[in-house]
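Chemist:
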Amino acid sequence: MGLWTKQQLREFIKDNKLVTAQDAQNALKNLFAETIQEMLEAEMDTHLGYQKHEVENKTTSNSRNGKSKKRVTSEYGEQEIIIPR
């Protein structure tokens, strides 16, 4: 069993207008970068103890300090991602 159902895959193909293998490769590259960014955001939420813009649950003086851009290299090639600080 995969991560997505067949219906979800079909929707992904349709939404991203995937026709060629290169289209699929580019979509996977973007999906990889977006996944890494979301993982880093979740890690920051866990580290600080509250979610972004959720000041009522903030119990620490530690806070977010913007974002910065970084380049990562993977099997999908080089990709720029945005890192929370």
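Under this note's numbering, think of the first position of the sequence shown as 89, with each following residue one higher.
Every residue, glycine too, gets a C-beta built ideally from N, C-alpha and C.
Which class does residue 173 belong to by DSSP, given the choice of helix, strand or coil?
Modeler: coil
Chemist: If you draw a straight line from the alpha carbon of residue 164 to that of residue 136, how long is it in whole angstroms?
Modeler: 31 Å
Chemist: According to DSSP, what are the bridge partners of residue 155?
Modeler: 172
Chemist: Considering only residues of the same chain and omitting the five flanking positions on each side of residue 117, which have a CB-CB separation below 8 Å?
Modeler: 164, 165, 167
Chemist: Mapping DSSP to helix, strand and coil, what is residue 134?
Modeler: In the displayed model, residue 134 falls within a helix according to three-state DSSP.
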